[in-house]
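Peer 1: Residue numbers (the working numbering): 539 to 813.
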Ligand code: ATR
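(1) Check whether the Cβ atoms of residue 641 and residue 618 sit closer than 8 Å, and answer yes or no.
(2) Excluding sequence positions up to five away, which residues of its chain have a Cβ less than 7 Å from the Cβ of residue 581?
(3) In chain order, what are the residue ranges of uninterrupted alpha helix (DSSP H) at least 4 long that sit wholly in the region 719–786?
(4) Count the other CB atoms, across all protein chains shown, that sit within 10 Å of the CB of residue 566; report buried if there are 16 or more and exposed otherwise.
(5) Return helix, strand or coil for residue 617, following the three-state DSSP convention.
(6) CB-CB under 8 Å to residue 802, same chain, minus the five flanking residues each way: which ones, in chain order?
(7) Quick test of your reading: residue 815 and residue 677, contact by CB under 8 Å. State the CB separation rounded to the nearest angstrom.
(8) For the beta strand (DSSP E) holding residue 546, just list the boundary residues, first then last.
(9) Ordered along the chain, which non-local residues of its own chain (more than five positions away) have a Cβ less than 8 Å from that of residue 702?
(10) Hey, could you find the ends of the beta strand (DSSP E) residue 700 is sitting in?
(11) Does the Cβ-Cβ distance between residue 725 and residue 753 come in under 8 Å?
(12) Does ligand 1 have even one heavy atom less than 7 Å from the beta-carbon of residue 736?
(13) Alpha carbons only, please: which of 610, 573 and 686 is nearest the one belonging to residue 585?
(14) Mind checking which residues open and close the beta strand (DSSP E) that includes residue 603?
(15) Going by beta-carbon coordinates alone, are residue 571 and residue 559 separated by less than 8 Å?
(16) Name the residue from 568, 723, 556 and 578 whose alpha carbon lies nearest to the alpha carbon of residue 807.
(17) Ordered along the chain, which non-local residues of its own chain (more than five positions away) have a Cβ less than 7 Å from that of residue 687?
(18) Among 660, 765 and 707, which residue has its Cα nearest to the Cα of residue 732?
(19) Say yes only if the C-beta of residue 695 is nearer than 7 Å to one or more non-hydrogen atoms of ligand 1, and no if none qualify.
(20) Below 7 Å CB to CB, which residues in the same chain sit around residue 798 once its five sequence neighbours on both sides are set aside?
(21) Tell me the rounded alpha-carbon separation between residue 634 and residue 539.
(22) State yes or no: is the C-beta of residue 783 within less than 8 Å of the C-beta of residue 759?
(23) If you follow the beta strand (DSSP E) that residue 569 is in, where does it begin and where does it stop?
(24) Using the Cβ count rule (16 or more neighbours within 10 Å means buried), how would you classify residue 774?
(25) With distance defined between alpha-carbon atoms, name the residue in 811, 721 and 755 nearest to residue 734.
(26) Looking at the structure shown, is residue 663 part of a helix, part of a strand, or coil, going by DSSP?
(27) Between which residues of its own chain and residue 608 is the CB-CB distance below 8 Å, once the five residues before and five after are set aside?
(28) What are the boundary residues of the alpha helix (DSSP H) that includes residue 683?
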């Protein structure tokens, strides 16, 4: 049977096996999907073992391996190159030596969740991206390609927002992408969409934003879970609508499954199950 896996460290809370096994069931695809906790010092050996195992056809990558796996791939999809991180690898066995091809499905998963599940219209939207780490880097490009009129990036450490914008501009995104400071946000008109791509929620914190900029916005927390700090804050600050990242998790997985198997699985049943 074809094998797939997720690697990360630690991996105690991963939902990926549950999600992919349900996808496989609903598409009648014969495969196995296992969680492999891999410590950073064991990464190289694990990737070598995957290459050498003929039944292994791909794997997902999560924290802290997304950048280091990218560096070890033989080829990269455009999204992965732009994101500087890989969350999905195809082990291509159609050639004599297996090739590892790295992809990043986070952006496609976010766009799919926003537009299809939550009915958000990205076309022409003014979007505020809060955060400038890996999560923001992997999703700004796909959001622009999905039709956003502009993206402003704000971050606690302003220099990182500037660096993120520079990185994306060097890849061809230009006029409609800008770094903004917290102070400058005070003078901004309300945004259509505000996305929290910071990890602040994991510390029970929320990014510091002026409430008036989210008054007409669809607010999205990439963190998932019930009642995240950002979700609570956005509701109390009067956001038009608020959602958290469970749908993005399911949709990025569906994109990965599609890359591996050539079929896009239905996602609503898995979304309802996890919620
Ligand atoms: P990831 O890959 O998940 O994006 P990261 O690269 O460590 O992780 O980035 C974390 C992001 O969350 C950064 O934008 C970080 O802001 P700084 O660049 O200023 O560190 C942001 N972040 C983390 N904790 C935060 C907090 N308590 N308030 C606001 N932003 C926070």
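The beta carbon of each residue, even a glycine, is placed where N, CA and C say it ideally should be.
Peer 2: In short, the structure shows the following:
(1) yes
(2) 603 and 606
(3) 720–723 and 767–774
(4) exposed
(5) helix
(6) 792, 793, 795 and 796
(7) No answer is possible for residue 815: the residues shown for the chain start at 539 and end at 813.
(8) 540–546
(9) 670, 674, 675, 678, 691, 693 and 717
(10) Residue 700 -> not in any beta strand (DSSP E); alpha helix (DSSP H) instead, spanning 696–708.
(11) no
(12) yes
(13) 610
(14) Looking at the DSSP string, residue 603 is not in any beta strand (DSSP E), and its letter there is neither H nor E.
(15) yes
(16) 556
(17) 662, 663, 664 and 714
(18) 660
(19) yes
(20) 542, 595, 596 and 628
(21) In a straight line, the C-alpha of residue 634 is about 20 Å away from that of residue 539.
(22) Yes, Cβ-Cβ distance for residue 783 and residue 759 is below 8 Å.
(23) 569–575
(24) exposed
(25) 755
(26) coil
(27) Excluding residues within five positions, the ones whose Cβ falls inside 8 Å are 614, 618, 622, 623, 624 and 640.
(28) 678–683
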